[in-house]
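**Student:** Structure below; questions to follow.
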Amino acid sequence: MNAKYALPAILACTCTCVMTPALAEDPAQLVLHDGFDGSDFAPSGHLYYRDNSEQEAGKVEFQSEVKRTGTGALKLSVKPLCAPGKVNCSERAEIWERTKSRVPYNQGVWYGFAVKFADPIPSGDHRYLIAQWKREIGPKAKGDFSPFLALRLNNGKLFATVETNYVAPPKTDVSAGAKTCDDNQTPVWFRADTNQMRALVATDGNWGKEDGKEFTGCTSAITITDHGNKLPTPDSGWIDFAIYSKPGPDGTGHIELFANDKWIVTVKGHIGHADKGLGKNQYFKFGPYRAADSTEWILYYDDFRRSPRCADVLSDMKLCPMK
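Under the working numbering, the very last position in the sequence shown is 365; numbers go up by exactly one each time.
Below you can see the structure in the form of structure tokens.
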């Protein structure tokens, strides 16, 4: 095992094998880790592959040919399956946190994982996601709720978005393309018809003026502190993410985004949804997820970890913004 992840792994085993009553009652205090080195998910990771009709296009493999650390990594792939013309059909192969281990929506938690894009990397104008954070949706909730944080791909470029309930701008201010916003504002796609809006919070180094044309407005309800680093490009090899997730639809939300030990952005403000019928927990899932497509898409994942402490997730603890 890579030394920098030895402590999280040891702590994860401690937490899953001998838990105090306090830990058993508060999943947010668990320290989880899975290096995907065996033939199945490690008990210390509290992960599983949801084998249902939504994931019929997907495939999960524990393999050792492509890996970042240890002896193995996950290979997740999707193949074309949706019938031509079928509306709202998706193809996915996602790994989920187990329900009993999910963190309450109002608490912050650190996540880490590494991802590698296999060739060919999708380069079309299409909907691709590689990881997403959502709020549980109860049976009485009305609406289609997008992830409050998502890592996405479009036109072969990597970017991150934050979603929240619609916050009307002071005045109608939209343009025909991607918006250039003031320093105290964030580019946003207003979607009043679904009571949501999506903010563009980080992009890779190849992002250009022709990208993100749906972000035609600006909002001050979500603020970004740019730390001077871009997201890595999808063709750069293994990308190791460390992310702090704390939703706050009332304006108390807080996200920290690191990639390959570089601090990308801090996001604060309105993050997530507060609609009636939504559940009490947030949850994370990762893997290829796309609208219907015509080719196979493959991603590799390694070194999953989760902890209430930054130092258990970010490999250089000196970079931790919150001690």
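Every residue, glycine too, gets a C-beta built ideally from N, C-alpha and C.
Being a predicted model, the structure only gives us computed values, none of them experimental.
Which residues share a DSSP beta bridge with Trp249?
**Tutor:** Sequence index remark: in the sequence shown, residue 249 carries index 207 (1-based). Paired residues: none, contrary to the question.
**Student:** Counting pairs of Cβ atoms below 8 Å between the segment 273-286 and the segment 147-166, do you hit three or more?
**Tutor:** The segment 273-286, when compared against the segment 147-166, does touch it at the 8 Å Cβ threshold.
**Student:** Buried or exposed for Ser165, please, with buried defined as at least 16 other CB atoms from any protein chain shown within 10 angstroms of its CB.
**Tutor:** Position 123 of the sequence shown holds residue 165. Classification for Ser165: exposed.
**Student:** To the nearest angstrom, how far is it from the Cα of Cys223 to the Cα of Leu193?
**Tutor:** Locating residue 223 in the sequence shown gives position 181, counting from the first residue. Locating residue 193 in the sequence shown gives position 151, counting from the first residue. Approximately 22 Å between the Cα atoms of the pair.
**Student:** Are Thr265 and Gly311 close, meaning C-beta to C-beta below 8 Å?
**Tutor:** For this step, residue 265 is matched to residue 223 along the sequence shown. For this step, residue 311 is matched to residue 269 along the sequence shown. It is a contact, given that the beta carbons lie within the stated cut-off.
**Student:** I need the straight-line Cα distance from Leu341 to Pro276, nearest angstrom please.
**Tutor:** Counted from its first residue, the sequence shown places residue 341 at position 299. Counted from its first residue, the sequence shown places residue 276 at position 234. When rounded, the distance between both Cα atoms is 11 Å.
**Student:** Hey, quick one: how far does the beta strand (DSSP E) through Ile264 stretch, first residue to last?
**Tutor:** Stepping through the sequence shown from its first residue, residue 264 is reached at position 222. Counting along the chain, the beta strand (DSSP E) containing Ile264 begins and ends at Ile264 to Asp268.
**Student:** Assign Val129 to buried or exposed, taking buried as 16 or more other Cβ atoms, counted over all protein chains shown, within 10 Å of its Cβ.
**Tutor:** Stepping through the sequence shown from its first residue, residue 129 is reached at position 87. Under this definition Val129 is an exposed residue.
**Student:** So, for Asn237: in the same chain, excluding its five sequence neighbours on each side, which residues have a beta-carbon less than 6 Å away from its beta-carbon?
**Tutor:** Your numbering for residue 237 matches position 195 in the sequence shown. These residues qualify, in order along the chain: Asn207 and Tyr208.
**Student:** Since Asp76 and Ala84 are thought to touch, with beta carbons under 8 Å apart, how far apart are those beta carbons, to the nearest angstrom?
**Tutor:** Translated into the one-based positions of the sequence shown, residue 76 becomes position 34. Translated into the one-based positions of the sequence shown, residue 84 becomes position 42. Contact holds; Cβ gap of about 4 Å.
**Student:** At which residue ranges does the segment 271-335 contain complete beta strand (DSSP E) runs of 3 or more residues, listed in the order of the chain?
**Tutor:** Fully enclosed beta strand (DSSP E) runs of 3 or longer: 281-288, 290-301, 304-313 and 320-333.
**Student:** Whose CA, out of Cys352, Asp268 and Ala202, lies closest to the CA of Asn226?
**Tutor:** Translated into positions along the sequence shown, residue 226 becomes position 184. Comparing Cα positions, the closest option is Asp268.
**Student:** Per DSSP, what kind of secondary structure is Gln97 in: helix, strand or coil?
**Tutor:** The count along the sequence shown starts at 1 and reaches residue 97 at position 55. It is helical.
**Student:** List the endpoints of the continuous beta strand (DSSP E) containing Cys124.
**Tutor:** Mapped onto the sequence shown, residue 124 falls at position 82. That residue, Cys124, is in no beta strand (DSSP E); it is neither H nor E in DSSP.
**Student:** Should Thr26 be labelled buried (16 or more other beta-carbon atoms within 10 Å of its own) or exposed?
**Tutor:** As displayed, the chain neither begins before 43 nor continues past 365, which places residue 26 out of reach and without an answer.
**Student:** Since Gly314 contacts Arg177 with CB under 8 Å, what's their CB separation in whole angstroms?
**Tutor:** Translated into positions along the sequence shown, residue 314 becomes position 272. Translated into positions along the sequence shown, residue 177 becomes position 135. That pair is a contact at about 6 Å.
**Student:** If we ignore side chains and look at the alpha-carbon of each, how far apart do Pro181 and Gly100 end up?
**Tutor:** The residue given as residue 181 occupies position 139 in the sequence shown. The residue given as residue 100 occupies position 58 in the sequence shown. Taking the straight line from one Cα to the other gives about 26 Å.
**Student:** Who does Val151 pair with in a DSSP beta bridge?
**Tutor:** Here residue 151 is taken as the residue at index 109 of the sequence shown, counted from 1. Note: Val151 sits in a beta bridge opposite Ser287.
**Student:** Any idea which residues DSSP pairs His75 with across the strands?
**Tutor:** For this step, residue 75 is matched to residue 33 along the sequence shown. DSSP, once it has assigned bridges, lists Arg347 as partnering His75.
**Student:** Please report the residue range of the beta strand (DSSP E) in which Arg177 lies.
**Tutor:** Here residue 177 corresponds to residue number 135 of the sequence shown, with the count starting at 1. Per DSSP, Arg177 belongs to the beta strand (DSSP E) from Tyr170 to Ile179.
**Student:** For the segment 319-333 against the segment 252-264, are there 3 or more C-beta pairs whose distance is under 8 Å?
**Tutor:** These segments do not touch.
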